[in-house]
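Please read the structure below before turning to the comments.
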Amino acid sequence: MLEYVVKLTKDATQCSREDIAKLRKAGFDDRGILQITLIAAWFNYINKVADALGVGRD
Numbered sequence: 063m064l065e066y067v068v069k070l071t072k073d074a075t076q077c078s079r080e081d082i083a084k085l086r087k088a089g090f091d092d093r094g095i096l097q098i099t100l101i102a103a104w105f106n107y108i109n110k111v112a113d114a115l116g117v118g119r120d
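In C-alpha cells, the structure reads:
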C-alpha cells in the first residue's frame with residue numbers, strides 16, 4: 063500500500079493496473095483501494111494548499 067501511495071504522491075500518472083493488482087493481491091478490495099487513493103490524494107492536496115499559504119511556517 064505504501065509503495066502505491068508514494069507513487070501516487072510523486073506522479074499519479076504513473077499509477078497503473080499493475081499497482082491496483084498488487085493492492086488486490088495484498089487483500090484490498092475496490093472500496094479499500096478507492097479509500098487509499100482518496101485519502102492519499104486529499105492529504106497531498108491539503109499539504110500543497112498549506113505550503114502555498116505558508117501555514118505552519120515561522
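76 is the number that the working numbering gives to position 14 of the sequence shown; each next residue is one higher, with no gaps.
Glycine included, each C-beta is placed from N, C-alpha and C at the ideal position.
Just so you know, these numbers come straight off a predicted model, no measurement behind them.
Please classify Val67: does DSSP put it in a helix, a strand, or coil?
The residue given as residue 67 occupies position 5 in the sequence shown. Here Val67 sits in helix by DSSP.
DSSP state of Gly89, grouped into three classes?
Here residue 89 refers to the residue found at position 27 when the sequence shown is read from its first residue. If DSSP states are grouped into helix, strand and coil, Gly89 belongs with coil.
Of the choices Ile108, Ala114, Asn109, Val67, whose alpha-carbon is the least far from that of Lys84?
Translated into positions along the sequence shown, residue 84 becomes position 22. Of the listed residues, the one whose Cα sits closest to Lys84 is Val67.
Can you tell me the Cα-Cα spacing of Lys46 and Val117, whole angstroms?
No statement about residue 46 is possible, as the shown extent of the chain runs from 63 to 120 and does not include it.
Rank Glu65, Lys72, Val111, Thr71 by C-alpha distance to the C-alpha of Glu80 and give the top, closest one.
Position 18 of the sequence shown holds residue 80. Of Glu65, Lys72, Val111, Thr71, the residue nearest in Cα terms is Glu65.
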